[in-house]
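Under numbering that gives the first Met the number 0, the final residue of the sequence shown carries the number 489; numbering is consecutive throughout.
Okay, structure first, notes after.
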Amino acid sequence: MKKIFLACLLYSAGSPFCHGQDLQWLVKNFNGKENNTYPNANAITTNEFTLEAIKHPNCQCNSKARNDIFVIYDNWSHYNSRLDLVPTISGFFYPPNPADLNHTKHNMRVPVGRKPMYLYLSNIYEDDDLPPPVLAKSGFSGSNSIPYIMGTTNTPIPITANHDVIQGADITLVIKGATITEGATLQFKVKALATASVTPSGSYFSGSTIFDGKFISAGNLIPLSGGVGYKFTDLPIPTPDYIYINLKPTSSLLPYYPNVQNSSTPTHKAIFEVRAGNGNLNAEGAEDIIHSHDPNFMQLAALCRDNFEDLYASLHIEFENTSATPANNLKIRILLPSDLDPTTIGLVKWKAGTNTTPGTMIINKQEVIFVFPENSSVLSCDLDKDPLSENAKGSVDFCVQIRDNAKDKFGKRGLSPKPASTRVYFGKDEYVVDKLMQPFTTKGIPIDIANVCDCSSPYKWVKVKIPEYKIKVYVPEQDVKMLLKVYKQP
């Protein structure tokens with residue numbers, strides 16, 4: 000798949016939410032997902048069902064790419080593919096038969112006598128909310144694919160989860176029931192790996208209502224005084240082998256991720272603790288805190304001032320071709336927030352593979368379109384085998400001025416430009432990702448504004464009419480001819 004993105008750019012530090020409900024739940028309360036809803040007509044009535052419109056990741060491009068399946072059955076047992084040590088037929092969600100790698104319809108089978116009550120897909124090669132065509136329904140698809148077999152997960156680890164901690168995504172904790180004794184509490188901490196410092200806070204996660212009436216939900220967690228965590232209440236009697244708690248990261252949990260660009264090494268972990276009524280530690284689990292698994296991103300590289308004291312944001316957009324064929328006709332469309340003035344864009348750097356030839360820019364109100372030169376392309380990752388090579392990647396770097404009436408918003412520590420959206424095209428293909436990176440110190444605090452930068456715009460913008468699309472746009476004067484030649488999509 001040609002993996003590029005529509006990023007929901009959330010620049011308010013600590014509040015990176017692009018969406019409400021987590022659409023990676025493919026089954027809720029026995030009902031399969033269809034068009035982002037869970038109709039009763041899609042009830043999973045047997046131990047065999049189908050997942051449709053889901054692609055397997057290209058492991059040749061990213062050795063860590065994988066889909067993971069997490070299922071809770073109707074008897075307080077579960078299956079978690081990320082805990083399988085060997086990715087075979089019973090391992091993570093990958094076709095048992097390599098010939099089925101390109102299939103998008105998948106036959107699934109759970110143990111006889113069981114039905115999937117809840118099912119979550121962690122598509123780690125994208126880790127984004129799934130598009131409406133994704134469908135879960137009872138029965139096999141009729142394709143010839145070998146069924147993916149899910150068993151029952153039993154582990155000595157006292158606290159596990161369906162995936163690592165990602166802002167905007169649900170995380171389900173699986174806690175051994177025996178650790179939840181009388182008066183037990185659930186407490187959250189963040190640990191900085193570089194310094195081993197630990198910060199406790201009960202406000203890092205909030206209880207979700209998705210399991211209401213079925214498993215442990217928001218109503219079973221009572222906030223403790225001092226905001227250090229939650230107390231369990233109204234648990235089932237007797238306590239089952241496993242307790243399931245679905246949580247959502249809150250705005251108090253900053254989206255920690257590596258300071259080094261493109262590094263896969265996490266910098267912080269979320270610590271989940273179950274403590275007895277007397278405060279003793281009964282159980283502990285930890286998960287990395289990351290922004291997403293996606294290799295494509297938009298990055299706020301810096302906030303800086305020029306010699307005239309104007310405030311600028313320096314931005315970097317990067318994408319990667321993970322399809323089986325080279326990609327060309329590259330284009331990036333970004334909708335800037337009203338606090339940014341697109342006519343001030345300057346210091347633009349272009350890159351498509353190893354080609355750094357400048358393209359052209361188009362401004363239509365707050366939308367900016369970067370059109371790469373016609374001869375630009377990026378190789379497929381299958382052809383670009385060197386992991387350190389840049390041939391399958393492309394990027395644009397630019398500065399844009401923050402309007403005078405918005406300077407005060409961003410001149411303070413912890414604030415940066417407001418949300419915007421970005422689309423990147425390979426020809427007419429457009430794909431979705433959700434990742435923003437912005438610089439943090441090792442303590443998770445956004446860096447200060449740089450004193451000086453050279454971002455003043457060198458362009459003379461002129462208005463040009465595009466008759467085919469009945470719009471008028473602004474472009475740099477020297478790019479008018481190129482614009483009329485290559486501007487083929489509004």
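C-beta atoms are modelled at their ideal positions from N, C-alpha and C, and glycine is treated no differently.
- Query: Any heavy atom of the ligand NAP closer than 7 Å to the CB of I209?
  - Reply: Absent from the structure shown: the ligand NAP. Ligands present: none.
- Identify whether N34 lies in helix, strand or coil by the three-state DSSP scheme. Residue mapping note: residue 34 aligns to position 35 of the sequence shown, counting from 1. Collapsing the DSSP output to three states places N34 in coil.
- Task: Alpha carbon to alpha carbon, how far is N30 from A351? Give it in angstroms, no decimals.
- Result: In the sequence shown, the residue the question calls residue 351 occupies position 352. In the sequence shown, the residue the question calls residue 30 occupies position 31. Between A351 and N30, the C-alpha separation is close to 44 Å.
- If we ignore side chains and look at the alpha-carbon of each, how far apart do L329 and N66 end up? As a working note, residue 329 is residue 330 in the sequence shown. As a working note, residue 66 is residue 67 in the sequence shown. L329 and N66: Cα-Cα distance of roughly 28 Å.
- Please classify T440: does DSSP put it in a helix, a strand, or coil? Locating residue 440 in the sequence shown gives position 441, counting from the first residue. Annotation note: pLDDT 47 at T440 (below 50); position unreliable, coordinate value reported separately. It is coil, neither helix nor strand.
- Contact check, P341 vs I316, beta carbons under 8 Å: For this step, residue 341 is matched to residue 342 along the sequence shown. For this step, residue 316 is matched to residue 317 along the sequence shown. It is not a contact, given that the beta carbons lie outside the stated cut-off.
- Could you pull the start and end residues of the beta strand (DSSP E) that T198 belongs to? Translated into positions along the sequence shown, residue 198 becomes position 199. Element bounds for T198: 197-199.
- What are the boundary residues of the beta strand (DSSP E) that includes D403? Taking the sequence shown and counting its residues from 1, one reaches residue 403 at position 404. Counting along the chain, D403 falls outside any beta strand (DSSP E), and DSSP gives it neither H nor E.
- Query: How is D99 classed by DSSP in three states: helix, strand or coil?
  - Reply: Your numbering for residue 99 matches position 100 in the sequence shown. Helix, per DSSP.
- Taking only runs that begin and end inside the region 142-196, name each unbroken beta strand (DSSP E) of 3 or more residues, in chain order. Entirely contained in the region 142-196, the beta strand (DSSP E) runs reaching 3 residues are, in chain order, 158-160, 170-175, 184-191.
- Would you mind sorting G112 into buried or exposed? The rule is 16 or more other CB atoms within 10 Å of its CB. As a position in the sequence shown, residue 112 is number 113, starting the count at 1. By the neighbour-count criterion, in which a residue is buried when 16 or more other Cβ atoms sit within 10 angstroms of its Cβ, G112 is exposed.
- For A282, which three-state DSSP category applies? On the sequence shown, residue 282 is found 283 positions in, with the first residue counted as 1. Shown here, A282 sits in a strand according to DSSP, grouped into three states.
- I242 versus T359 - alpha carbon distance: Locating residue 242 in the sequence shown gives position 243, where the first residue counts as 1. Locating residue 359 in the sequence shown gives position 360, where the first residue counts as 1. Here the C-alpha atom of I242 lies approximately 56 Å from the C-alpha atom of T359.
- Query: The beta strand (DSSP E) spanning W24 covers which residue range?
  - Reply: Within the sequence shown, numbered from 1, the residue matching residue 24 stands at position 25. Segment 24-27, the beta strand (DSSP E) holding W24.
- Ignore the nearest five residues each way along the sequence and tell me which others in N327's own chain have a CB closer than 6 Å to its CB. As a first step, residue 327 is located in the sequence shown; it is residue number 328 there, counting from the start. S376, listed in sequence order.
- DSSP beta-bridge partners for K348? Taking the first residue of the sequence shown as 1, we reach residue 348 at position 349. Paired residues: D396.
- Query: For Q23, which residues of its own chain have a beta-carbon under 8 Å away from its beta-carbon, when the five flanking residues on both sides are left out?
  - Reply: Indexing the sequence shown from 1 puts residue 23 at position 24. Once the five neighbours on either side are set aside, the close Cβ partners of Q23 are Y119, L120, S121, N122, D128, L129, A168, D169.
- Query: When DSSP builds the beta bridges, which residues end up paired with T359?
  - Reply: As a first step, residue 359 is located in the sequence shown; it is residue number 360 there, counting from the start. For T359, the beta-bridge partners assigned by DSSP are V370.
- Round the Cβ separation of S137 and A42 to the nearest angstrom and send it over; I've been treating them as touching at under 8 Å. Here residue 137 is taken as the residue at index 138 of the sequence shown, counted from 1. Here residue 42 is taken as the residue at index 43 of the sequence shown, counted from 1. Confirmed, about 7 Å.
- Length of the line joining the Cα atoms of Q298 and P222: Stepping through the sequence shown from its first residue, residue 298 is reached at position 299. Stepping through the sequence shown from its first residue, residue 222 is reached at position 223. Straight-line Cα distance between these residues: approximately 36 Å.
- Could you spell out where the beta strand (DSSP E) holding N66 opens and where it closes? Locating residue 66 in the sequence shown gives position 67, counting from the first residue. Per DSSP, N66 belongs to the beta strand (DSSP E) from 66-72.
- Message: Judging by CA-CA distance, which residue of P110, N404, K32, P132 is the nearest neighbour of D309?
- Response: Sequence index remark: in the sequence shown, residue 309 carries index 310 (1-based). Proximity to D309 across P110, N404, K32, P132 peaks at N404, based on C-alpha coordinates.
- If you follow the beta strand (DSSP E) that N79 is part of, which residue opens it and which one closes it? By one-based count along the sequence shown, residue 79 stands at place 80. Unbroken beta strand (DSSP E) run through N79: 77-79.
- For L339, which of S224, K406, P97 has the nearest alpha-carbon? Your numbering for residue 339 matches position 340 in the sequence shown. Checked all of S224, K406, P97; the closest Cα to L339 is K406.
- Message: Considering only their Cβ atoms, is the gap separating V273 from I156 smaller than 8 Å?
- Response: In the sequence shown, the residue the question calls residue 156 occupies position 157. In the sequence shown, the residue the question calls residue 273 occupies position 274. In this structure, V273 does not lie closer than 8 Å to I156 by Cβ.
- Query: How big is the Cα-Cα spacing for V70 and E319?
  - Reply: Your numbering for residue 70 matches position 71 in the sequence shown. Your numbering for residue 319 matches position 320 in the sequence shown. Near 31 Å, if we compare the C-alpha coordinates of E319 and V70.
- Message: Using C-beta distances below 8 Å, list every residue in its chain close to A300, excluding the 5 sequence neighbours before and after it, in chain order.
- Response: Within the sequence shown, the letter at position 301 stands for residue 300. Only residues of its own chain outside the window of five on either side were considered, and among them S313, L314, H315, D396, P438 have a CB closer than 8 Å to the CB of A300, listed in chain order.
- Message: Under DSSP, the beta strand (DSSP E) around L118 begins and ends at which residues?
- Response: Here residue 118 refers to the residue found at position 119 of the sequence shown. Where L118 is concerned, the enclosing beta strand (DSSP E) stretches over 115-122.
- Query: Taking just the CA atoms, how far does I331 sit from F48?
  - Reply: By 1-based counting over the sequence shown, the position of residue 48 is 49. By 1-based counting over the sequence shown, the position of residue 331 is 332. Put simply, the backbone Cα of F48 is about 39 Å away from that of I331.
- Message: Tell me the residue span of the beta strand (DSSP E) that contains A269.
- Response: Translated into the one-based positions of the sequence shown, residue 269 becomes position 270. In the DSSP assignment, A269 falls within the unbroken beta strand (DSSP E) covering 267-274.
- Query: Would H290 pass as a contact of V173 if the rule is Cβ separation under 8 Å?
  - Reply: If you number the sequence shown from 1, residue 290 lands on position 291. If you number the sequence shown from 1, residue 173 lands on position 174. Taking 8 Å as the cut-off, the Cβ atoms of H290 and V173 do not count as close.
- Query: If you draw a straight line from the alpha carbon of Y311 to that of L302, how long is it in whole angstroms?
  - Reply: The residue given as residue 311 occupies position 312 in the sequence shown. The residue given as residue 302 occupies position 303 in the sequence shown. Rounded to whole angstroms, Y311 to L302 spans 6 Å at the Cα level.
- Task: Identify every residue that forms a DSSP beta bridge with V377.
- Result: Indexing the sequence shown from 1 puts residue 377 at position 378. Looking at the DSSP assignment, V377 forms a beta bridge with A326.
- Using a threshold of 8 Å, state whether the C-beta atoms of N106 and P146 are closer than that. Numbered from 1 along the sequence shown, position 107 holds the residue referred to as residue 106. Numbered from 1 along the sequence shown, position 147 holds the residue referred to as residue 146. P146 is positioned such that its CB atom lies closer than 8 Å to that of N106.
- In whole angstroms, what separates the C-alpha of D73 from that of T232? Here residue 73 refers to the residue found at position 74 when the sequence shown is read from its first residue. Here residue 232 refers to the residue found at position 233 when the sequence shown is read from its first residue. Looking at the two C-alpha atoms, the distance is approximately 21 Å.
- Task: With DSSP collapsed to three states, give me the class of A40.
- Result: For the purposes of this step, residue 40 is taken as the residue at position 41 of the sequence shown. In this structure, DSSP gives A40 a helical state, which the three-state scheme calls helix.
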